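Using this note's numbering, the first residue of the sequence shown is number 1, and each one after it goes up by one. In what follows, a structure is listed as C-alpha cells, so that the remarks can point back to it.
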Amino acid sequence: MLAIPYLSHTGQPLTIRFRCLEEHDHRAHFHGKYNTLKDDAPRMYGVDSVHAAGDTIDVTEGELDRIILRKLGLHAVAIPGAALWLGRHRRMLAGFNRVRVWGDPDDAGSDFTAKVCRSLPRSARGMRLRLGDVTETYMQGGVAALLDLIKEDEK
Ligand SMILES: [Zn+2]
1 MLAIPYLSHT
11 GQPLTIRFRC
21 LEEHDHRAHF
31 HGKYNTLKDD
41 APRMYGVDSV
51 HAAGDTIDVT
61 EGELDRIILR
71 KLGLHAVAIP
81 GAALWLGRHR
91 RMLAGFNRVR
101 VWGDPDDAGS
111 DFTAKVCRSL
121 PRSARGMRLR
131 LGDVTETYMQ
141 GGVAALLDLI
151 KEDEK
C-alpha cells in the first residue's frame, strides 16, 4: 500500500494513512481503498500550508488531490471526506479571505463542498470540476486545466 504520512507544520509525523494501489475488490481482501490506524482522530492533511499560505487556501477531498495542487505551487490542505470535516477544521481556515473547495464531481463530493461552504459562508466557494476529480483533471488536461478553473472562479 501507498503510505501517506500526515506531518505537523514543523514536519513531525502525526499519523499515516494507507491507500491500496491494487485494482481489486478491497473488501474481499479485508481492507478499504483507504485505511486509517485504529482509533485515529480525523485530521487535516497538509497543515503546513495553513501556516505558509497568504489570504487564499485550497481544500481538496483527498490527500493525492492535495499533492497535485502543491505541485502547481498552491497552498492546499485535504480532508478525506465530508464526514471528517469538523468544527476545528473550520476554525483553522477561518482567517482566510478565500477558500477554494475542490470536491469530487459526484454526490459525495457535492456533500463535501456544500458542507465546507456552509461552515465558511463568506470565504469558501466550490470549484467547478467537470472532467473528474483534481487528479483526473490534471491527468487529462494538465496544469492548464486546473489553472483555467481558478481563472474562471476569479472572474
Ligand atoms: Zn486493496
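For glycine and all other residues, C-beta sits at the position ideal for the given N, C-alpha and C. Note that the coordinates shown come from a computational prediction; the quantities given were computed from them, not determined experimentally.
Determine the contact status of residue i and residue j, defining contact as a CB-CB distance below 8 Å.
i	j	result
leucine 129	arginine 90	no
arginine 19	lysine 38	no
glutamate 136	tryptophan 102	no
methionine 127	aspartate 107	no
Between the alpha carbons of residue i and residue j, how many angstroms are there, rounded?
i	j	result
glycine 81	isoleucine 150	22 Å
alanine 53	histidine 75	6 Å
valine 47	glutamate 23	30 Å
leucine 93	arginine 43	14 Å
arginine 197	valine 59	This structure does not reach residue 197, given that the chain is present from 1 up to 155, and the question cannot be answered.
glycine 87	arginine 125	18 Å
glycine 141	isoleucine 57	22 Å
glycine 73	valine 50	14 Å
alanine 28	cysteine 117	36 Å
tyrosine 45	leucine 84	11 Å
tyrosine 138	aspartate 25	26 Å
serine 110	aspartate 104	7 Å
If you count every other CB in all the chains shown that lies within 10 Å of the CB of residue i, and 16 or more means buried, which is it?
i	result
serine 8	exposed
glycine 179	The chain is shown from 1 up to 155; residue 179 falls before or after that span and cannot be answered.
aspartate 148	exposed
lysine 115	buried
arginine 17	buried
glycine 95	exposed
alanine 78	buried
phenylalanine 112	buried
leucine 69	buried
Counting along the chain, where does the beta strand (DSSP E) carrying residue i start and finish?
i	result
aspartate 58	56–60
valine 47	Here valine 47 belongs to no beta strand (DSSP E), and DSSP marks it neither H nor E.
leucine 7	2–7
What are the boundary residues of the alpha helix (DSSP H) that residue i is part of?
i	result
valine 101	Unbroken run through valine 101 is the beta strand (DSSP E), 98–102; no alpha helix (DSSP H).
arginine 70	63–71
histidine 146	Per the sequence shown, the amino acid found at residue 146 is leucine instead of histidine. 134–154 is the span of the alpha helix (DSSP H), which, as asked, contains leucine 146.
arginine 27	Element bounds for arginine 27: n/a, residue is neither H nor E.
glycine 95	Careful: glycine 95 lies outside any alpha helix (DSSP H) and carries neither H nor E.
Would you say residue i touches ligand 2, meaning its beta carbon is less than 7 Å from a heavy atom?
i	result
cysteine 20	Among the ligands in the structure shown, ligand 2 does not appear; only ligand 1 can be found there.
Residue i by DSSP, collapsed to three states: which one?
i	result
alanine 78	strand
threonine 113	helix
glycine 126	strand
leucine 14	strand
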